[in-house]
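Chains as they are written, first to last, in the working numbering: chain E, 773 to 872; chain B, 773 to 872; chain L, 773 to 872; chain P, 6 to 331; chain S, 6 to 331; chain W, 6 to 331.
Backbone N, C-alpha and C define an ideal beta-carbon position, used for all residues, glycine too.
Quick caveat, the model's predicted, so the values are computed rather than measured.
Beneath this line is the structure, given in structure tokens, with notes to follow.
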Amino acid sequence: MTTHPMKLVTVVCEAYAKEAVTKLLREVGAHGYTLFPVEGDGSRGKRPADFPEFANIQIEVIVPPAVAEQLMEKLGRDLFPRYAMVAFESEVRVLRPQKF
Amino acid sequence: MTTHPMKLVTVVCEAYAKEAVTKLLREVGAHGYTLFPVEGDGSRGKRPADFPEFANIQIEVIVPPAVAEQLMEKLGRDLFPRYAMVAFESEVRVLRPQKF
Amino acid sequence: MTTHPMKLVTVVCEAYAKEAVTKLLREVGAHGYTLFPVEGDGSRGKRPADFPEFANIQIEVIVPPAVAEQLMEKLGRDLFPRYAMVAFESEVRVLRPQKF
Amino acid sequence: MSVFEAIQANLLSPAVLFFALGLIAALTKSDLKFPESLYVGLTIYLLVAIGFKGGVAIAEAGIAKVWLPALAAMALGALIPLWTYPLLRFGGKLSAVDAAAIAAHSGSVIAVTFIAATNYLKAIHQPFESYATAFLAVMESPAILIGVVLGKLATRTRGGADMTSLKAAAHEALLGRSIFLLVGSLLVGWLCGKPGMAKVEAFFVTPFQGVLALFLLEMGMVAGRRLEDLKKVGPFLLGFGIVVPLVNGALGVWLGKLTGLELGGATLLGVLSASASYIAAPAAIRMSLPDANPTLYLTSSLAITFPFNITLGIPIYLEIARTLYS
Amino acid sequence: MSVFEAIQANLLSPAVLFFALGLIAALTKSDLKFPESLYVGLTIYLLVAIGFKGGVAIAEAGIAKVWLPALAAMALGALIPLWTYPLLRFGGKLSAVDAAAIAAHSGSVIAVTFIAATNYLKAIHQPFESYATAFLAVMESPAILIGVVLGKLATRTRGGADMTSLKAAAHEALLGRSIFLLVGSLLVGWLCGKPGMAKVEAFFVTPFQGVLALFLLEMGMVAGRRLEDLKKVGPFLLGFGIVVPLVNGALGVWLGKLTGLELGGATLLGVLSASASYIAAPAAIRMSLPDANPTLYLTSSLAITFPFNITLGIPIYLEIARTLYS
Amino acid sequence: MSVFEAIQANLLSPAVLFFALGLIAALTKSDLKFPESLYVGLTIYLLVAIGFKGGVAIAEAGIAKVWLPALAAMALGALIPLWTYPLLRFGGKLSAVDAAAIAAHSGSVIAVTFIAATNYLKAIHQPFESYATAFLAVMESPAILIGVVLGKLATRTRGGADMTSLKAAAHEALLGRSIFLLVGSLLVGWLCGKPGMAKVEAFFVTPFQGVLALFLLEMGMVAGRRLEDLKKVGPFLLGFGIVVPLVNGALGVWLGKLTGLELGGATLLGVLSASASYIAAPAAIRMSLPDANPTLYLTSSLAITFPFNITLGIPIYLEIARTLYS
Ligand SMILES: Nc1ncnc2c1ncn2[C@@H]1O[C@H](COP(=O)(O)O)[C@@H](O)[C@H]1O
Ligand SMILES: Nc1ncnc2c1ncn2[C@@H]1O[C@H](COP(=O)(O)O)[C@@H](O)[C@H]1O
Ligand SMILES: Nc1ncnc2c1ncn2[C@@H]1O[C@H](COP(=O)(O)O)[C@@H](O)[C@H]1O
Ligand code: NA
Ligand code: NA
Ligand code: NA
């Protein structure tokens, strides 16, 4: 069975950034996403996730490489300065490339 | 310390597919898996995970490349048509190849 | 926008190992981490995550390649023999390499 | 009290109003959301409380009074899918597997509607047999099993695989979490009897109605999200989701009278027959008949039958019982 | 009872002591942590309970008594940000967006402080108008909206984007989960009235104070984690977080008297004016004014104003009311 | 009432029957599962409630009555690991670190067993000193600390590392979440006294027994999953898990009498000595003696001692007390 290359973009951020991130995903044309409730630690302190203010999420989205680049650029420009956030991309392979 | 290449297969699906997916994992011979409660959005609508019907999970499994191929094939053939589901594979490196 | 290569080290382990793992992360100099509450199955049995004894976590950390190697080595030597644990590394790309 | 007044009293109860508030939350896209573990916690509480109370009631009444109507309830659970299946298949022109899935749902029962009915009866001072919970506990499994068998028979092509998923369905129908909790707590209550009840009453009985109100707020949100699927299910299922409960409700009341229940108990058996599960049944069906379309059976039971029952249905089944018993 | 005795009685209540225990847990780095869903569950319970009780009280008192002071409360919610903004901007030399964010917070209200105040009044047998919950329900939205508009006006450069985030702020201010729950439950309580209350009292009223104590344990932990930020906010905000509540508290009491409230109700309006949200307002501000620094507004409302109010503030506002009414 | 009747009454209480239901759920592999946050919520509730109640009882009784038996309880917590360690090491031929871990567990205490015992005494109208909760609060830390020190001494080879993990163990033993909650709530209750209790009684006292029943359902499931490990632990530990509690129980009762407790309080001190933690102790041991095998100490305390105590043990310790006091 042939698989096709795609990019997986992962964003870890404070929960209050959820709206901003998913809005961006819609803008660049992603067809879906997966969201994880997480805890974390980073340059902006511990996020033990027991209270909205300290809640943390991870959002993963599979997109074609061109979209990934656009997404990373906008994340870095618009959201990194405003929110506790980390983002990275990696290579994955999927079965139905037209889905993403 | 030498690390060894393995495949990480990730399945995101409605929670009701859990039995079907873990059964498949046993069939192809995976030795374990990790399961995440997640929220999501995709072609079959929002899954806010507040009620069994809208619950979503991510299952990750590390397997040798040959098993990964088999697993992806069966997922695509038997489960994709029936369940809200996304699957992808990526390359990882582990310390104890015999464990997987 | 240029992205830079980093390593993502993923540790899945019983929740009681949290202190031991995060201590190790501090020792090798990681600047943050993300923690997921997960369920799992492996050589040490099912971990349904309904009770501290059966709780399972996944810890993900982005680090430079050299740190990743050190981390994997220490995990394999000090923690694998003592805790229910799986670890693997993969390649990711980030925007701000100095952050990690 | 006229039917009209009875309905009005029901509509102005906290439970129904909180359900409406949940609907509004869903329709206005408020970001209100219950965490899943709160939902699970409320469910566990409600099932354990209702089961325990029913078990104590059986211990008080004696098994001699309970077994006959309980048997009737089981039979009813098995029969309803058998008569609704051909209606759905040939009247509604649905595929075999969808017809089987929806039929299983109409035979199944949902604790919340039952609880709302007991609260309603209590509020209007209509006495009823508290051991009616036993009927709630036994009706679900036969309905699901018959529904799954119908679906399997209609789609038997791959042979072997069918047996394993039939076994999975049976496991789910008999040991699935909601049935296990309900039946188990019933047994515990039965063994404890009154002295046991004295110990845990302040937790399982006194605050019960308030917890139900909170739970219905959540159910309103879940049902509200399904409302837009009403367009997708077509006029046949819309009518089915209201008319079939009325028929089954009348059937249940009648069978209740036949097997010696009082007016209150017969009303409750009617409510049970009329109700359709949107929790246990969907889980069992999704696992054993994955080719059935969830939009059809869920919308029907969650967005049509359930709201109909808790607002208009319950007072109507009581009225049917009053007519039959007068 | 002297002010001193009143304060002592307040400090030795379970609610305040559990808050202190939470602070200690945070400061000693105990691994005690409430799961988020427990926090959400407690919040839902408290908001629904307080809203429902307030709605029933409105039904009892009649809307004629409620509308004038409720209107005054709304006006107060809108006015407080308008007078605190210039103080923060020019007195505190804060950036425009930070000043707007903090101003929005001082106009906003927090249910926990209000609840603690009603418990306190009940404990010392000071009667009060139970429908005061209506003021709690209407003060938050205007404060947040005015604060966001101030912030947007001060930073208008990018045009288009502003309108969408203003709309988002309005959605959050009017339909955000805590306001939705509070206003919705108020309406449900209003429609149900006394008969509805009889059904759910055992869940929403009787155990209420105990739940509050548990919730304050959690709040103590959250506030405790913010304590080390006190150094970061500087002396101006430290003073602001105590003096401005005192001024607003007096203003609220005075307006309460003016609009015909009794001593107890006026005290509660004072408490509301003095309180600052650390739940709904931060969520709205973080989404619509993301450039404002959360450390400033959160530390001010959560680590300064909130502990001050629940320990010393409440008895002081009562004393102010007593002076004004004597 | 004979011992036999006493045991029967205990076995038919809702708490024990729900525990049995949980066992059945685990053994029949029902998919019933409590979400972790529900477990945590129940634990927090039980610890806060029992601690608060105990604190109020101390305030009522006066510290003069409490200090001596509390000191005895602490001594007992420290002594039990010292006598069980050699037994395990030489009698059971266990490795040093496993012996130390199991010894720490036998000295430790578990709130659930204590609570079940108080409920049992209440049910059979046997009065007891409510401030006995203080003993529950102070016995755990010494047992864990002694156990960890024994384990470290036996395995001291790597020097430096030991001190840090000893410190971690001390932190866990003194500030770990269950001990912190229990001791903290005890202090809060002590400071509040009767007037505070009046406020929160409806939440922390009235529904308490019902919450315990629900919690034991969960504990049954957890213990049930450990049952198959019984084969792995061997006959020595099987016997150890029943005989040692009996010895420690008698010791506790005797020491209770010696330090001036009444029959009820002495029974509770016996129950505490006999009980073994399966929550706080495993967490502390797993972190400070990670080389100890959890299967051994968890199976012993969770699958052997705990079920034994809540079914047969409690009535037996009472009988021992009756013999001693007659
Ligand atoms: N090096 C890292 N590896 C993995 N996750 C990280 C890392 N640094 C930060 N994070 C996550 O990103 C969130 C925000 O990071 P920060 O803005 O640095 O506070 C943290 O709460 C973590 O969950
Ligand atoms: N492009 C995507 N990237 C990441 N996750 C996705 C994507 N599309 C779908 N998903 C996840 O897969 C689940 C099922 O997808 P679907 O079948 O498209 O509704 C969704 O609820 C999401 O959690
Ligand atoms: N092959 C695997 N793929 C993914 N996760 C695994 C795998 N094996 C084990 N795990 C995870 O690692 C945890 C500990 O594994 P173990 O020590 O094998 O019991 C399990 O509970 C799983 O969450
Ligand atoms: Na039915
Ligand atoms: Na205010
Ligand atoms: Na002990």
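*Using a C-beta cutoff of 8 Å, does L:Glu-845 count as contacting chain B?*
Chain B, which has a Cβ nearer than 8 Å to the Cβ of L:Glu-845, makes this yes.
*Would a C-beta distance cut-off of 8 Å place L:Ala-821 and B:Leu-867 closer than the cut-off?*
8 Å or more divides the Cβ of L:Ala-821 from the Cβ of B:Leu-867.
*Do you know whose CA, among P:Val-258, P:Ile-325 and P:Ile-55, lies nearest P:Val-210's CA?*
Looking at the Cα atoms, P:Ile-55 is the closest of the given residues.
_Do L:Met-844 and B:Thr-775 count as a contact pair if the criterion is CB distance below 8 Å?_
Yes, Cβ-Cβ distance for B:Thr-775 and L:Met-844 is below 8 Å.
*So, helix, strand or coil for W:His-176, using DSSP?*
Annotated three-state conformation of W:His-176 is helix, per DSSP.
*asked:* Considering Cα atoms alone, identify which of P:Pro-295, P:Thr-310 and P:Val-276 is closest to P:Ala-122.
replied: Of the candidates P:Pro-295, P:Thr-310 and P:Val-276, the one whose C-alpha sits nearest the C-alpha of P:Ala-122 is P:Val-276.
*Determine the chain P residues that contact S:Arg-182 at a beta-carbon separation under 7 Å, and present them in chain order.*
The contact set of S:Arg-182 on chain P, defined by CB atoms closer than 7 Å, consists of Ser-35, Asp-36 and Leu-37 in chain order.
_Less than 7 Å separating the Cβ of E:Ser-862 from some heavy atom of ligand 2?_
Taking 7 Å as the cut-off, one finds no heavy atom of ligand 2 near enough to the beta carbon of E:Ser-862.
*Closer than 8 Å, Cβ to Cβ, to anything on chain P: give me those residues from the stretch 791-809 of chain B, in chain order.*
The stretch 791-809 of chain B vs chain P, Cβ under 8 Å: Glu-791, Ala-792 and Pro-809.
*Any chance you could list the alpha helix (DSSP H) runs of at least 4 consecutive residues sitting entirely within the stretch 100-167 of chain P, in chain order?*
Whole alpha helix (DSSP H) segments, 4+ residues: 101-112, 116-128 and 138-159.
*Sequence-distant residues of the same chain with beta carbon closer than 8 Å to S:Gly-164, five excluded per side*: Note that S:Gly-164 scores a pLDDT of 47, beneath 50, so its modelled location is shaky and nothing firm can be said.
*For the stretch 171-256 of chain S, which segments carrying the alpha helix (DSSP H) assignment without a break, of at least 4 residues, lie completely within its bounds, in sequence order?*
Counting only runs of 4 or more residues that sit fully inside the stretch 171-256 of chain S, the alpha helix (DSSP H) segments are 182-209 and 213-231, in chain order.
*Is it buried or exposed for L:Glu-825, if we count other Cβ within 10 angstroms and need 16 for buried?*
Result: buried.
*Note down, in chain order, every chain S residue with its Cβ under 8 Å from the Cβ of P:Gln-214.*
Under the 8 Å cutoff, chain S gives Lys-204, Val-205, Ala-207 and Phe-208.
*In chain E, what lies closer than 7 Å to B:Glu-811 by C-beta?*
Neighbours of B:Glu-811 on chain E, chain order: Leu-807.
_Candidates W:Ala-11, W:Ala-106 and W:Ala-62, of which the one nearest W:Pro-299 by Cα_ = Closest option to W:Pro-299, Cα to Cα, is W:Ala-106.
*Return the chain-ordered list of same chain residues with a C-beta closer than 6 Å to the C-beta of P:Ala-166, the five sequence neighbours on each side being excluded.*
Only weak support exists for where P:Ala-166 lies, its pLDDT of 49 falling under 50; the coordinates are left without a value.
*Just the chain W side, please: which residues come within less than 8 Å of P:Gly-56 by C-beta, in chain order?*
For the C-beta of P:Gly-56, not a single chain W residue is nearer than 8 Å; the gap to the nearest is close to 10 Å.
*Helix, strand or coil for B:Thr-806, going by three-state DSSP, please let me know.*
Strand.
*S:Asn-253: CB within 7 Å of a non-hydrogen atom of ligand 5*: Checking every heavy atom of ligand 5 against the Cβ of S:Asn-253, one is found closer than 7 Å.
*By a C-beta neighbour count over all protein chains shown, 10 Å radius and 16 as the cutoff for buried, is E:Gln-830 buried or exposed?*
So E:Gln-830 counts as buried.
*Would P:Leu-17 count as contacting chain S if we go by Cβ distances under 8 Å?*
It does: the Cβ of P:Leu-17 has a partner Cβ on chain S nearer than 8 Å.
*Would you decide whether L:Asp-850 is buried or exposed? Buried here means 16 or more other CB atoms lie within 10 Å of its CB.*
Burial call: exposed.
*Is the CB of S:Ile-284 under 8 Å away from at least one CB in chain E?*
At least one chain E Cβ lies under 8 Å of S:Ile-284.
_Test: S:Gly-164 CB closer than 8 Å to a CB of chain E_ = For S:Gly-164, the predicted structure reports a pLDDT of 47, less than 50, and the residue's modelled location is therefore unreliable. The matter cannot be settled from this model.
*asked:* Below 7 Å, is the gap between the Cβ of S:Ala-279 and the nearest heavy atom of ligand 5?
replied: Annotation for S:Ala-279 indicates a beta carbon within 7 Å of some heavy atom of ligand 5.
*Within 7 Å: the Cβ of L:Glu-841 and any heavy atom of ligand 1?*
No, the beta carbon of L:Glu-841 sits no closer than 7 Å to any heavy atom of ligand 1.
*Can you tell me where the alpha helix (DSSP H) with L:Val-841 in it begins and where it stops?*
Here residue 841 of chain L turns out to be Glu, not Val, going by the sequence shown. Where L:Glu-841 is concerned, the enclosing alpha helix (DSSP H) stretches over 837-846.
*Is the beta carbon of S:Ala-286 sitting closer than 8 Å to the one on S:His-110?*
Result yes, Cβ atoms of S:Ala-286 and S:His-110 sit closer than 8 Å.
_Restricting to Cα atoms, I'd like to know which of B:Tyr-855, B:Val-781 and B:Glu-799 is closest to P:Asp-296._
When only C-alpha atoms are compared, the closest one is B:Tyr-855.
*C-alpha distance - S:Gly-60 paired with S:Leu-192, whole-angstrom precision*: Pairing S:Gly-60 with S:Leu-192, the inter-Cα distance amounts to about 6 Å.
*Can you tell me whether P:Gln-214 is buried or exposed, with buried defined as 16 or more other CB within 10 angstroms of its CB?*
Per the 10 Å Cβ criterion, buried.
*Measuring only between beta-carbons, confirm whether W:Ala-30 sits less than 8 Å from chain P.*
For W:Ala-30, the answer is yes, since a Cβ of chain P falls inside 8 Å of its Cβ.
*Residues within the stretch 838-862 of chain E neighbouring chain A, beta-carbon criterion of under 8 Å*: Among the protein chains of the structure shown, namely E, B, L, P, S and W, there is no chain A.
*Over what stretch of residues does the alpha helix (DSSP H) that includes W:Ser-42 continue unbroken?*
Under the DSSP assignment, W:Ser-42 falls in the alpha helix (DSSP H) whose first and last residues are 41-66.
*Would you call the stretch 21-40 of chain P and the stretch 219-235 of chain P in contact, with 3 or more CB pairs under 8 Å?*
They touch, by the three-pair rule.
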